[in-house]
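Trainee:
2 protein chains.
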Amino acid sequence: MQRILGIDPGSRVTGFGVIDSDGVKSRHIASGCIRLDGEVAGRLAEIFTGIGEVVDAYRPSACAIENIFIAKNAMSALKLGQARGAAICALAVTGLDVHEYSPREVKQALVGGGGADKRQVAYMVALLLNHRDPMKLDESDALAVALCHAHSRHLQARLADQARRAGVRR
Amino acid sequence: MQRILGIDPGSRVTGFGVIDSDGVKSRHIASGCIRLDGEVAGRLAEIFTGIGEVVDAYRPSACAIENIFIAKNAMSALKLGQARGAAICALAVTGLDVHEYSPREVKQALVGGGGADKRQVAYMVALLLNHRDPMKLDESDALAVALCHAHSRHLQARLADQARRAGVRR
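Sequences listed follow chains A and B, in order.
The first sequence begins at 51 in the numbering used here and counts up by one.
The second sequence begins at 51 in the numbering used here and counts up by one.
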C-alpha cells in the first residue's frame with residue numbers, strides 16, 4: 051500500500067489530493083484547494099507552504115503532478131510554470147520523488163482514452179474512489195494524477211519489489 | 051545603505067549578485083552562478099536551496115528579479131516560469147520583499163536606453179561596481195537587476211524614510 055499525493059498546480063488555485071493505493075484499489079484520504087491571493091511572490095510562497103503542510107499532515111510516500119506543455123500563450127505558460135515551480139520545489143525539498151504525467155497519460159489511465167473531457171475524468175475519479183461529496187475540478191484533477199500514478203508501472207514495480215522482499219507472491 | 055540581492059533565474063543556470071548601495075553608489079559584495087543538472091524536480095530544488103544559502107550567507111534586506119514576459123515559445127516560457135517560481139519561493143519564504151523589474155527597466159536604469167544589448171549592460175555593471183574580474187552573463191544580469199533596484203524609487207523612498215527617521219537631511 052502506498053500513499054500518493056497528486057498536485058494540480060495553478061496560479062489562482064492549486065488542487066491537491068491524497069490517496070492510499072495498492073495499485074489496483076485506491077482510497078480517498080484527503081483533497082482540497084489552496085486558493086491564492088495577492089502579489090505573485092506571496093502566491094508562490096502560499097503554494098510552497100500549503101503543499102508543505104499537506105506533506106506534513108499526510109506523509110505521502112510518492113507524489114505526482116501533471117506535466118503540461120500546452121498553454122494559451124507564453125504569458126500563461128510563464129504563470130503556470132511559476133506555480134509548478136513552487137509546487138515541485140515544495141515536494142522536492144522534502145526528498146519526495148516527483149513523478150510527472152502528461153494530461154494524455156492521466157486521461158488514458160482513468161478513462162481509457164486520451165481525448166476524454168474534464169467532466170469524464172472527474173466522474174471516474176469519484177467512481178474509483180467511491181467519493182460522493184461534490185468536488186472542485188482542481189481537487190478531482192489532483193486526485194486524477196494521483197490515481198494515474200497508482201495505476202502506473204512505476205508504482206506497480208515498486209509494490210512488486212516490496213512484495214518480493216517480504217517473500218509474498220503477488 | 052541597503053544590501054540587495056539580484057537574481058537571474060534560468061532552467062540551466064541561475065545567476066545571483068549581491069551589492070551594497072546607498073542609492074547612488076554601489077559596491078559588489080558577491081556574485082555567482084548556480085548550475086543545474088539532472089531532472090526538473092532536482093533542478094528546481096537546487097535553485098531553491100542555492101538561493102536560500104545565498105540569503106543565509108549575505109543577509110540581503112531586499113531582492114530584485116527580472117520580470118520576463120517574452121519567451122521563444124510556450125515550452126520555454128513554462129521552463130523559465132518554473133525556474134522563476136523556485137527562485138521567488140526561495141526569496142518569499144524568507145520574508146524578503148521581492149521586487150520585479152522588466153528587462154526594459156533594467157536596461158533603462160543601467161544604460162539609459164531600453165534597447166541596449168546584453169554586452170552593454172555587462173559593461174555598465176562592471177563599471178558601476180568597479181569590478182574588473184571577468185563575469186558570466188548570468189552573473190552580470192543578476193547584478194544588473196540588483197543595481198536597477200538600487201537606482202529605483204522604491205529604494206530611494208526607503209532610504210529617504212530611514213534618513214528622516216534618523217533626523218538626518220538628505
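Positions of the beta carbon are idealized from the N, C-alpha and C atoms, including for glycine.
Note that the coordinates shown come from a computational prediction; the quantities given were computed from them, not determined experimentally.
According to DSSP, is A/D183 helix, strand or coil?
Mentor: Reduced to three states, the DSSP call for A/D183 is coil.
Trainee: Thinking just about the alpha-carbon of each residue, which of A/Q170, A/D106, A/Q52 and A/G135 is nearest to the one in B/F98?
Mentor: Taking only the C-alpha atoms, the option nearest B/F98 is A/G135.
Trainee: Let me confirm a value: A/P153 is counted as buried when at least 16 other C-beta atoms fall within 10 Å, else exposed. Which label applies?
Mentor: Burial call: buried.
Trainee: Tell me whether B/E150 sits in a helix, a strand or coil according to DSSP, three-state version.
Mentor: Reduced to three states, the DSSP call for B/E150 is strand.
Trainee: Under a CB-based cut-off of 8 Å, is A/Q132 close to chain B?
Mentor: At least one chain B Cβ lies under 8 Å of A/Q132.
Trainee: What residues in its chain sit with their C-beta under 7 Å from that of A/R220, if we drop five residues either side in the sequence?
Mentor: With a pLDDT of only 45 at A/R220, under the threshold of 50, the placement of this residue in the model should not be trusted, and no figure is reported.
Trainee: Assign B/R220 to one of three DSSP states: helix, strand, or coil.
Mentor: Below a pLDDT of 50, predicted positions are generally treated as unreliable, and B/R220, at 45, falls in that range; no measurement from the model is reported.
Trainee: In its own chain, which residues sit with a C-beta less than 6 Å from the C-beta of A/A159, not counting the 5 before and 5 after it?
Mentor: Closer than 6 Å at Cβ, skipping near neighbours: C198 and H201.
Trainee: Using a 10 Å radius around the Cβ and a threshold of 16 neighbouring Cβ atoms, would you call B/P110 buried or exposed?
Mentor: It counts as buried.
Trainee: In the DSSP output, which residue or residues are listed as bridge partners for B/V63?
Mentor: Its beta-bridge partners are B/R85.
Trainee: Select from B/N117, B/V105, B/G60 and B/D70 the residue whose C-alpha is nearest the C-alpha of B/L94.
Mentor: It is B/G60 whose Cα lies nearest to the Cα of B/L94.
Trainee: Quick test of your reading: B/A133 and B/T64, contact by CB under 8 Å. State the CB separation rounded to the nearest angstrom.
Mentor: Right, the Cβ-Cβ distance comes to about 6 Å (below 8 Å), so this counts as a contact.
Trainee: By a C-beta neighbour count over all protein chains shown, 10 Å radius and 16 as the cutoff for buried, is A/D191 buried or exposed?
Mentor: It is buried - the Cβ of A/D191 has at least 16 other Cβ atoms within 10 Å.
Trainee: Label B/G131 either buried or exposed according to how many other C-beta atoms from any shown protein chain fall within 10 Å of its C-beta, with 16 as the threshold for buried.
Mentor: B/G131 comes out buried.
Trainee: May I have the straight-line CA-CA distance separating B/V171 from B/H181, to the nearest angstrom?
Mentor: When rounded, the distance between both Cα atoms is 13 Å.
Trainee: Are the CB atoms of B/D70 and B/I79 within a distance shorter than 8 Å?
Mentor: Yes.
Trainee: Is there a Cβ of chain B sitting closer than 8 Å to that of A/R220, yes or no?
Mentor: Because A/R220 carries a pLDDT of 45, less than 50, the predicted location of this residue cannot be relied on, and the following value inherits that uncertainty. No, no contact with chain B.
Trainee: Can you look up A/I118 in the DSSP assignment and give me helix, strand or coil?
Mentor: Of the three classes helix, strand and coil, the one that applies to A/I118 here is coil, per DSSP.
Trainee: Does the CB of B/K129 have a neighbour CB from chain C at under 8 Å?
Mentor: Protein chains A and B are contained in the structure displayed, whereas chain C is not.
Trainee: So if DSSP puts A/V68 in a beta bridge, which residue, or which two residues, is it bridged to?
Mentor: DSSP output for A/V68 lists A/L55 and A/A80 as bridge partner(s).
Trainee: At which residues does the alpha helix (DSSP H) containing A/K75 begin and terminate?
Mentor: Premise fails: A/K75 is in no alpha helix (DSSP H) and is neither H nor E.
Trainee: Determine the closest residue to A/G67 out of A/G88, A/L55, A/A124 and A/K75, with distance taken between C-alpha atoms.
Mentor: Considering only alpha carbons, the answer is A/L55.
Trainee: DSSP three-state call for A/A112: helix, strand or coil?
Mentor: If DSSP states are grouped into helix, strand and coil, A/A112 belongs with the strands.
Trainee: Confirm, please, whether the CB-CB distance from B/C139 to B/I57 is below 8 Å.
Mentor: Not closer than 8 Å, so no.
Trainee: Terminal residues of the continuous alpha helix (DSSP H) containing A/G135?
Mentor: Per DSSP, A/G135 belongs to the alpha helix (DSSP H) from A124 to A142.
Trainee: Which chain B residues are close to A/F98, counting only those with a beta carbon under 7 Å from its beta carbon?
Mentor: Residues of chain B passing the Cβ test: C139 and V143.
Trainee: For A/A166, report the span of its alpha helix (DSSP H) as first-last.
Mentor: Premise fails: A/A166 is in no alpha helix (DSSP H) and is neither H nor E.
Trainee: Are the CB atoms of B/A91 and A/V148 within a distance shorter than 8 Å?
Mentor: Result yes, Cβ atoms of A/V148 and B/A91 sit closer than 8 Å.
Trainee: Does the distance from the C-beta atom of B/N123 to that of A/A124 stay below 8 Å?
Mentor: Yes. Within cutoff.
Trainee: Measure how close the beta-carbons of B/E150 and B/I115 come, nearest whole angstrom, since I'm counting them as under 8 Å.
Mentor: Correct: roughly 6 Å between the Cβ atoms.
Trainee: Taking Cβ positions, are A/A137 and A/I101 nearer each other than 8 Å?
Mentor: Yes, the pair counts as a contact, with Cβ atoms nearer than the cut-off.
Trainee: Going by the beta-carbon positions, is the gap between B/L187 and B/S76 smaller than 8 Å?
Mentor: Contact flag unset, no.
Trainee: In chain order, what residues of the same chain lie with their CB nearer than 6 Å to the CB of B/L146, ignoring the 5 residues before and after it?
Mentor: If we look at B/L146 and ignore the five residues flanking it on each side, its Cβ neighbours are C113.
Trainee: Output the distance between the C-alpha atoms of A/E96 and A/M185, rounded to the nearest integer angstrom.
Mentor: Cα-Cα distance, rounded: 21 Å.
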